[in-house]
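Chemist: The sequence shown lines up with residues 10 to 130 when you count with our numbering.
Beta carbons are placed, not taken as given, at the ideal position from N, Cα and C, and that holds for glycine.
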Amino acid sequence: MSSTLMPTPDRRRPELLARLPELRARLERHRQYLVEQLTALDAPGAERPARPGDPEYQIDLFMADATRVALGDVEVALHRIATGRYGTCLYCGRELPLGRLLAVPELDACAECARELEPET
Numbered sequence: 010m011s012s013t014l015m016p017t018p019d020r021r022r023p024e025l026l027a028r029l030p031e032l033r034a035r036l037e038r039h040r041q042y043l044v045e046q047l048t049a050l051d052a053p054g055a056e057r058p059a060r061p062g063d064p065e066y067q068i069d070l071f072m073a074d075a076t077r078v079a080l081g082d083v084e085v086a087l088h089r090i091a092t093g094r095y096g097t098c099l100y101c102g103r104e105l106p107l108g109r110l111l112a113v114p115e116l117d118a119c120a121e122c123a124r125e126l127e128p129e130t
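#1: Looking at the secondary structure, which residues open and close the alpha helix (DSSP H) in which Leu25 lies?
#2: So the alpha helix (DSSP H) Ala118 belongs to, where does it begin and stop?
#3: Tell me which residues share the same chain as Cys119 and place their Cβ nearer than 7 Å to its Cβ, disregarding the 5 neighbours each side in the sequence.
#4: DSSP state of Leu126, grouped into three classes?
#5: Please determine, among Met72, Leu116 and Phe71, the residue with the shortest C-alpha to C-alpha distance to His88.
#6: Quick check: the Cα distance between Leu32 and Gly96, rounded to an integer number of angstroms?
#7: Which first and last residues belong to the alpha helix (DSSP H) in which Leu80 is found?
#8: Comparing C-alpha positions only, which one of Ala49, Thr92, Pro114 and Glu121 sits nearest to Arg38?
#9: Rounding to the nearest angstrom, what Cα-Cα distance links Leu29 and Ile90 in this structure?
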């Protein structure tokens with residue numbers, strides 16, 4: 010059996026392991042912020058146009074949907090930290106550059122896979 014399969018928690022890059030507490034804390038703070046945003050957007054007393062056809066209503070729906078997607082991304086990243094799979098591309102298994110993870114802690118795809126996943130315009 011090969012020892013070069015997927016990284017395990019004790020085989021991850023030392024520089025990533027050293028930064029995991031910081032990255033986890035940033036993700037937890039971002040998660041809390043997103044939960045607060047969703048709570049405010051979904052609050053019964055929130056001021057919003059009553060008619061679905063109003064542009065502001067559509068913007069509120071878009072913001073709530075985008076916030077839910079972002080929250081899902083953050084929760085997946087936190088799960089990947091907890092299970093020892095953080096820092097690798099979800100699609101091909103390559104290590105993600107630490108600089109990119111520091112910039113976008115919820116990152117789950119390498120640049121090549123991200124390009125392939127983008128919808129063509």
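Modeler: Looking at the coordinates:
#1: For the purposes of this step, residue 25 is taken as the residue at position 16 of the sequence shown. Unbroken alpha helix (DSSP H) run through Leu25: Pro23 to Asp51.
#2: Your numbering for residue 118 matches position 109 in the sequence shown. Looking at the DSSP string, Ala118 is not in any alpha helix (DSSP H), and its letter there is neither H nor E.
#3: Here residue 119 refers to the residue found at position 110 when the sequence shown is read from its first residue. Here the set comprises Cys98, Cys101, Arg103 and Leu105.
#4: The count along the sequence shown starts at 1 and reaches residue 126 at position 117. Of the three classes helix, strand and coil, the one that applies to Leu126 here is helix, per DSSP.
#5: Counting from one through the sequence shown, the residue named residue 88 turns up at place 79. Considering only alpha carbons, the answer is Leu116.
#6: To locate residue 32, count along the sequence shown from 1; it is residue 23. To locate residue 96, count along the sequence shown from 1; it is residue 87. Each residue's alpha carbon lies about 11 Å from the other.
#7: As a first step, residue 80 is located in the sequence shown; it is residue number 71 there, counting from the start. Note, Leu80: alpha helix (DSSP H), Pro64 to Ala91.
#8: As a first step, residue 38 is located in the sequence shown; it is residue number 29 there, counting from the start. Closest by alpha carbon: Pro114.
#9: Here residue 29 corresponds to residue number 20 of the sequence shown, with the count starting at 1. Here residue 90 corresponds to residue number 81 of the sequence shown, with the count starting at 1. About 8 Å.
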